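Engineer:
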Amino acid sequence: IASGSKLLGPIARRSVCPDRWKDKYPTSPDHAKELDALLDFADEQGRLLHFIPRLESKAAQRDEALDELRVAYWLHHSGFPVVQWDPPGLNGRVGEYLISTPERKNVFVEVKSPGWEGELPDDEHKAGRARQPKYGGDEGGAVANWIPLQDCIERAYAKFDSAQPNLLIVADDFHFGLYDCLDHVELALYNTDKGYGMDGYFTSPVFENLGGVGVFRAIIGDRGVEYEFRVFGNPFALPTAKLPSSIFKLNEKAVRATHLGIMSRSPESSG
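Going by the working numbering, the final residue of the sequence shown carries number 588, and the count climbs one at a time with no gaps.
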């Protein structure tokens, strides 16, 4: 099966140089079509020149840029258009974008893309495991994805301004992804069982500037690349930081994204 730069579509071939890509991306014609769609969207948004250097970087930086574009593309075509890129947050930091909602409120969005490398124990890091392919051997073992999710919240929290709604979206590349274990997401946010040795981050006002957390993933489905999303609200968020109710309607559907545009599919198939 063909993979790699030979699959690049017409927009990617004239826009990006894949010389630093050492993996087999794009791994399928569907991913190549998706890349062209994302590049076209970035161009429409006046952001192509911003993303090109990151997309031409090594795999980790490239994939982070892809996730930022995927989330923006999906939100934009799902009724939440991007109205500002690189919006200022607190402490001199910036987010990915502001999106507009049907309530005519802008939401500050931060996207985090933690990878499987962060799950490795110190001895495997020292042995160079992070420089090897993701699935390079026996990858069994316990999974506690509430830990890296809480780490993402802690790393991002300093930029969230209490004066506006804030949404953290995590598009992870864990061995066992967050979207495959949404119960771990709920533990990270809402757990009150002392047996886990931690409290959920949305069980007190400690993270009151954060309106909610979204979990996003891109998968290959029957009709190409599909985007799936689930958002979790913070009941202790400040009134000014709470997410507009329209955001939670995104839980009712999953959306396909291909080079042809956006196609909806039924809630029953969203997992």
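Backbone N, C-alpha and C fix where the C-beta goes; we use that ideal spot for every residue, glycine too.
Values in this document were obtained by computation on a predicted structure and should not be read as measured data.
1. How far does the alpha helix (DSSP H) with Glu-385 in it reach, from first residue to last?
2. Have a look at Ala-382 and Lys-511 and give me their C-alpha separation to the nearest angstrom.
3. Would you say Ser-322 and Pro-335 are within 8 Å of each other, going by their C-beta atoms?
4. For Glu-385 and Gly-514, what's the separation of their Cα atoms in angstroms?
5. Would you identify the three-state DSSP class for Pro-561, choosing helix, strand or coil?
6. For Asp-468 and Leu-366, I'd like the C-alpha separation in whole angstroms.
7. Look at the alpha carbon of Pro-482 and the alpha carbon of Phe-491, and state the distance between them as a whole number of angstroms.
8. So what's Lys-429 in DSSP terms, helix, strand or just coil?
9. Assuming contact is defined by CB atoms lying nearer than 8 Å, are Phe-425 and Asn-462 in contact in what I supplied?
10. Mind listing, in chain order, the continuous alpha helix (DSSP H) runs of no fewer than 4 residues lying wholly within the stretch 342 to 370?
11. Count the CB pairs spanning the stretch 550 to 562 and the stretch 518 to 536 that are closer than 8 Å, and state whether there are at least three.
12. Enumerated in chain order, which unbroken segments of the beta strand (DSSP E) with a length of 3 residues or greater are wholly contained in the stretch 453 to 538?
13. Quick check: Pro-404 and Gly-412, are their CB atoms within less than 8 Å of each other?
14. On a CA-only basis, which of Pro-552, Leu-352, Glu-373 and Ile-464 is nearest Thr-520? Give me that one, please.
15. Put Pro-335 into one of helix, strand or coil per three-state DSSP.
16. Going straight from the alpha carbon of Arg-337 to that of Trp-402, what length do you get?
17. Between Pro-343 and Leu-325, is the Cβ-Cβ spacing less than 8 Å?
18. Just reading off the beta strand (DSSP E) that Val-399 is part of, what are its end residues?
19. Which residue marks the beginning of the beta strand (DSSP E) containing Ser-417, and which one marks its end?
20. May I ask you to report which of helix, strand or coil DSSP gives Glu-569?
21. Tell me which same chain residues have a C-beta within less than 8 Å of the C-beta of Lys-443, skipping the five on either side of it?
22. Mapping DSSP to helix, strand and coil, what is Gly-326?
23. Quick check on Asn-508: buried or exposed, where buried means 16 or more other Cβ atoms within 10 Å of its Cβ?
24. Starting from Glu-545, follow the beta strand (DSSP E) in both directions and report where the run begins and ends.
25. State yes or no: is the C-beta of Ala-535 within less than 8 Å of the C-beta of Arg-387?
Structural biologist: Straight from the coordinates:
1. It spans 376 to 394 - the alpha helix (DSSP H) in which Glu-385 sits, taken as one unbroken run.
2. 38 Å
3. yes
4. 33 Å
5. coil
6. 31 Å
7. 28 Å
8. strand
9. Cβ distance not < 8 Å, so Phe-425 and Asn-462 don't count as in contact.
10. Taking 4 residues as the shortest admissible run, the stretch 342 to 370 contains the following complete alpha helix (DSSP H) segments, listed from N- to C-terminal end: 346 to 361.
11. Segments in contact, yes.
12. 483 to 487 and 529 to 538
13. yes
14. Thr-520 has its Cα closest to that of Pro-552, out of Pro-552, Leu-352, Glu-373 and Ile-464.
15. The answer is coil: DSSP assigns Pro-335 none of H, G, I, E or B.
16. 26 Å
17. yes
18. 399 to 402
19. 414 to 417
20. helix
21. Because the pLDDT at Lys-443 is just 39, under 50, the model does not fix this residue reliably, and the value given afterwards should be weighed accordingly. Result list for Lys-443: empty, nothing under 8 Å.
22. coil
23. buried
24. 541 to 550
25. yes
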